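Using full-length UniProt numbering, the first residue of the sequence shown is number 1, and each one after it goes up by one.
Glycine included, every Cβ here is placed at the ideal spot set by N, Cα and C.
Since we're looking at a predicted model, the values are computed, not measured.
Shown next, in structure tokens, is the structure this report addresses.
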Amino acid sequence: MSSMHPNVGAGANGLRPRAARANKHQSEDHYLTPSASVDRMPSDLSSGRSTPVPEDAPPSVQSISCARKQVRAQARRRLFYSIEYKPRVSHFDPNSDYRDFRGFFSLFWVSLFIMVMTTVVRNIKDTGHPLRVQVWSLLSANVWQLGLCDLAMVSSTALSLPLHLNFRKSEGWLRWSRGGMILQSSFQTAWLTLWVALPFLLHWTWTAQVFFILHTLTLLMKMHSYAFYNGHLSETEHRLSALDKPAPGFLSAAVRYPRSESRPMEESTESDNGKDDESQQPLSKLRSDLAMELTSPLGQVSYPQNLTIYNYMDYLLCPTLCYELEYPRTKEIRWVEIFFKTLAVFGCIFLLTHISEEFIVPVLDESADRLQDVSSKSEKALILAETISMLLLPFMITFLLVFLVIFEYTLNAFAEITRFADRKFYADWWNSCDWYGLEFSREWNIPVHHFLRRHVYFSSLTHFSSSWAMFITFFVSSIGHELVMGCITKKIRGYGILAMMMQLPIVAVQRSKLVKGRKVFNNVCFWISMIIGLSLRAASMEIARRELRSILSSLRTDLEGLKHVGDDGIARSFNKDGEVIDFVRLTGEQMMIIAATYSHEEQASLTKKWAGVDGFGVSDQQIWFPSIDIRPPILDNPELFDAYLGHSPAPRGLLDQRNAQCYVMPCRWTSHCLMFNCSDCWASDHHIVPHCSPPY
């Protein structure tokens with residue numbers, strides 16, 4: 001009978017469903033009718049009508065009616081387990097408010113652990129060693145020089161403190177608003193020039209140079225914020241002191257910088273440009289505003305009490321780029337947290353090198369071999385696409401590990417050391433919907449975003465429009481990116497500036513009606529651009545290297561001769577009589593690629609010697625009849641080969657590790673290399689031993 005089914009609407013003798021709980025989640029209203037969501041009747045999905053039970057009803061009907069009343073009056077108690085059904089959404093539904101996905105974070109680390117153990121077992125089986133050490137040699141180069149130079153650089157920033165003390169005491173041209181700001185800016189420019197040029201002069205590896213330049217830019221922003229904020233406070237102090245004997249024309253309002261919309265200015269009689277009318281600003285109000293500016297937001301420190309070496313050292317260690325008189329602090333230092341954060345930093349560095357050794361370098365080498373065997377553009381494009389696809393996952397993991405090292409572990413470790421309480425160093429950038437817009441820049445690196453917003457954008461608003469202020473902010477940011485790119489490529493090409501400035505027109509496109517509001521689509525585009533961009537860059541560099549190798553292998557070869565890369569940018573092939581039989585002109589970028597295949601010491605020597613070299617400006621006379629300082633010494637002094645036999649070439653760098661035994665094989669002629677299944681005999685510099693090259 002239909003009246004006996006619990007989900008059937010109540011009729012004359014029907015049964016109504018059990019009463020539902022009154023506290024429904026807000027997201028469940030989407031599944032309820034308007035009347036149901038508003039009235040919240042006890043029977044919820046039933047008709048809500050109560051059918052009286054006759055007095056002469058059977059005992060079974062009366063017991064059921066009594067049971068319904070008990071259910072409505074108290075918590076349900078049933079002998080048989082009852083499932084509670086109610087309108088609700090799944091966790092991954094866009095309408096869900098559930099945000100706790102920490103289990104995926106644990107899964108990420110478990111997956112990396114399994115990956116490492118799998119590759120270790122495979123390496124032991126194939127080579128007898130658990131790990132490869134090619135990338136480790138690149139990371140460990142210049143470590144002591146890097147540490148000493150970094151310490152000197154950090155110490156040199158402390159000159160900002162005595163400079164500011166002089167600015168504060170001066171009443172003449174050294175006062176901040178006069179010559180002090182110019183002097184501080186000149187010092188920062190000279191400081192930046194020195195520490196950016198030093199790694200180039202010392203010929204460091206690109207890994208050490210990138211770390212050093214990133215730390216240099218960090219300290220520059222810290223130093224700038226410290227100097228300019230204290231400079232503003234020194235002028236405020238001068239003005240407050242002058243109010244003790246106010247002049248008639250000295251009652252203009254305190255200078256107020258533009259604020260973000262999230263921190264609106266209090267309503268007052270100020271005009272649109274932030275300045276009050278002189279007649280409406282009483283002396284006591286002005287004095288109060290100036291005194292408030294000299295006091296920290298927490299009310300514990302006032303300027304100039306902060307001008308101490310301890311305060312400056314504390315500021316250097318705090319994980320922030322914007323100076324304040326006082327920061328919120330935690331109660332104590334948790335040394336256990338510091339230990340685990342430090343352990344996590346070194347663990348991530350190990351994973352970064354391991355992924356590069358096992359999943360990036362082998363893919364690039366394999367694609368290099370395949371490119372050597374094809375000639376058509378379609379086949380090369382297919383190899384490029386396959387290489388990019390195989391690099392997607394390794395580069396994505398590398399990107400995430402770099403993010404964790406910097407923003408989660410390193411910054412949190414320094415925050416724990418200094419008891420710095422505000423540890424929001426990033427937001428949910430992984431949900432960004434405009435990679436080229438402002439959302440990712442705002443959420444990926446909050447300390448840098450705060451600095452650019454405070455010291456570049458808002459400072460520019462006092463002199464320019466909002467559009468020009470945004471342009472200046474992007475331009476300053478692009479200069480920093482270009483410096484980092486220059487450390488990797490050893491050349492200033494403008495790629496970083498171009499990539500950053502291209503964001504401005506794309507912002508307008510993403511704000512159009514066609515694209516704006518499509519969160520899922522924009523987030524997918526964001527992740528595609530993040531992953532493919534890194535893979536495409538690495539694959540492009542590998543293709544450029546393989547094309548150069550193909551060009552060099554096309555040179556005519558004399559079995560009793562050798563090949564030589566001259567300091568004039570010409571790659572020549574010599575016969576047994578020392579005559580040039582073939583040549584190819586090389587660009588400066590190709591020369592740097594060749595230099596990168598040598599050991600770190602040899603690379604430093606070649607990079608210095610080949611800086612600015614371009615073979616396309618060499619005359620034909622010099623190509624076919626090179627001078628004695630261009631020719632390889634072994635051609636004119638064959639007895640040098642005996643000396644070379646006792647000095648094997650140093651191990652090569654990261655860019656070409658295939659058939660490494662050929663690189664450590666000294667040679668005089670190409671025939672010597674063929675005996676050991678290698679190819680040509682190459683020489684590159686007077687102080688570098690001629691060596692064989694792997695088979696083409």
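- Message: Quick check: what's the CA-CA separation for F574 versus E379?
- Response: 34 angstroms
- I349 to F583, Cα distance in whole Å? 43 angstroms
- Task: Spell out whether any CB of chain B is found under 8 angstroms from the CB atom of K86.
- Result: The structure shown contains no chain B, having only a single protein chain.
- Between which two residues does the beta strand (DSSP E) harbouring I309 extend? Where I309 is concerned, there is no enclosing beta strand (DSSP E), although the alpha helix (DSSP H) it sits in stretches over 309-317.
- Using the DSSP secondary-structure output, state which residues sit across from F420 in a beta bridge. R329
- Task: Report the rounded CA-to-CA distance for I594 versus L146, giving the unit in angstroms.
- Result: 25 angstroms
- Buried or exposed: H691, going by 16 or more other Cβ atoms within 10 Å of its Cβ? buried
- Inter-residue Cα distance where the pair is W173 and G179: 5 angstroms
- In whole angstroms, what is the alpha-carbon distance linking M181 and G231? 8 angstroms
- Query: Going straight from the alpha carbon of L307 to that of R549, what length do you get?
  - Reply: 59 angstroms
- State the beta-bridge partners of L562 as determined by DSSP. F574
- Task: Mind the definition here: the region 459-478 touches the region 420-433 only if three or more C-beta pairs lie below 8 angstroms; say whether that holds.
- Result: no
- Message: Could you tell me which whole alpha helix (DSSP H) segments of length 4 or greater appear in the region 366-419?
- Response: 377-403, 411-418
- Taking the alpha-carbon positions, what's the G486 to F399 distance? 20 angstroms
- Message: On the CB-based measure, 16 or more other CB atoms within 10 Å of its CB, does E55 come out buried or exposed?
- Response: exposed
- Item | Spatial distance of F395 from P632 (CA atoms) | 41 angstroms
- Coarse secondary structure for W682, derived from DSSP in three states: strand
- Task: Could you tell me the distance, in whole angstroms, from the CA atom of A413 to the CA atom of G561?
- Result: 59 angstroms
- Query: Touching or not, the region 318-334 and the region 358-365, by the rule of three or more beta carbon pairs under 8 angstroms?
  - Reply: no
- DSSP bridge partner residues for F583 (one or two, in chain order): R572
- Query: Should H129 go down as buried or exposed, given a rule of 16 or more other Cβ atoms within 10 Å for buried?
  - Reply: exposed
- Message: I need the DSSP call for C322, collapsed to helix, strand or coil.
- Response: coil
- Message: Considering only their Cβ atoms, is the gap separating C681 from K563 smaller than 8 angstroms?
- Response: yes
- Buried or exposed for G615, please, with buried defined as at least 16 other CB atoms from any protein chain shown within 10 angstroms of its CB. buried
- Message: Since H455 and S140 should fall inside the 8 angstroms C-beta cutoff, what is the C-beta to C-beta distance between them, to a whole number of angstroms?
- Response: In fact, because the Cβ distance is near 36 angstroms, the residues do not count as touching under 8 angstroms.
- Message: Going by C-alpha to C-alpha distance, which of N523, R168, L392, S671 sits closest to F440?
- Response: N523
- May I have the straight-line CA-CA distance separating V196 from V484, to the nearest angstrom? 10 angstroms
- Item | Per-residue DSSP class, three states only, for H91 | coil
- Query: What separation, rounded to the nearest whole angstrom, lies between the Cα atoms of P6 and I64?
  - Reply: Note that P6 scores 42 on pLDDT, short of 50, meaning its location in the model is unreliable and no value can be drawn from it.
- Message: What does the alpha-carbon distance come out to for the pair V476 and W191?
- Response: 17 angstroms
- Message: I'd like the ranges of any alpha helix (DSSP H) spanning at least 4 consecutive residues and lying wholly in the region 453-492.
- Response: 458-461, 466-489
- Under 8 angstroms between the Cβ atoms of D558 and Q622? no
- Tell me, please, which residues DSSP counts as bridged to T295. S302
- Message: For A684, tell me which candidate among T342, L552, S111, H91 has the shortest Cα-Cα distance.
- Response: This sequence places Ser at residue 684; Ala is not what is there. The option with the nearest alpha carbon to S684 is L552.
- Query: Are three or more beta carbon pairs between the region 365-376 and the region 309-319 nearer than 8 angstroms?
  - Reply: no
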